[in-house]
Amino acid sequence: EFNKRNLEASAKGDSFEVSDEMIENTVGGDGTLPGGMPPEMLKAMMGNEELVAMLRSPKMQEIMKLVMSGGQEDLEQAMKDDVETRECVQ
Numbered sequence: 033e034f035n036k037r038n039l040e041a042s043a044k045g046d047s048f049e050v051s052d053e054m055i056e057n058t059v060g061g062d063g064t065l066p067g068g069m070p071p072e073m074l075k076a077m078m079g080n081e082e083l084v085a086m087l088r089s090p091k092m093q094e095i096m097k098l099v100m101s102g103g104q105e106d107l108e109q110a111m112k113d114d115v116e117t118r119e120c121v122q
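Here the numbering used here is used: the first residue of the sequence shown is 33, the next is one more, and so on.
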């Protein structure tokens with residue numbers, strides 16, 4: 033649901049507000065979000081418009097998929113091969 037709402041807002045050019053209720057519904061038994069991120073960190077990140085725009089960029093989406101599927105080695109290779117990837121990660 034979170035990703036769907038985020039995508040819809042992005043497509044419309046709207047900002048996407050993350051409510052406390054949305055976060056609470058996503059928190060696991062260990063008190064963190066999927067991936068181990070503390071809820072407070074997500075709130076802080078979503079409040080930074082520049083960071084949100086960067087994370088929504090197609091290039092960053094490509095990089096995140098690469099890391100999730102290929103790990104650190106694939107990311108390091110992509111950074112060697114592609115200047116835009118290297119700049120985005122640094």
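All residues carry an ideal CB built from backbone N, CA and C; glycine is no exception.
For the alpha helix (DSSP H) containing residue i, name the first residue and the last one.
i   : result
T64 : Segment: none, T64 is in no alpha helix (DSSP H) and carries neither H nor E.
D46 : From DSSP, D46 is part of no alpha helix (DSSP H); its letter is neither H nor E.
V84 : E81 to R88
Run through DSSP, which three-state label would residue i get?
i    : result
N57  : helix
S101 : helix
Q109 : helix
D114 : coil
P71  : helix
Q122 : coil
Determine the contact status of residue i and residue j, defining contact as a CB-CB distance below 9 Å.
i    : j    : result
K97  : T117 : no
I95  : V115 : no
P71  : G63  : yes
L107 : V99  : yes
Between residue i and the ligand MN, is the CB less than 8 Å from at least one heavy atom?
i   : result
N80 : Ligands in the displayed structure: none, and consequently the ligand MN is not present.
Q. Are at least three pairs of beta-carbons, each pair with one atom in the segment 42-55 and one in the segment 70-84, less than 8 Å apart?
A. yes
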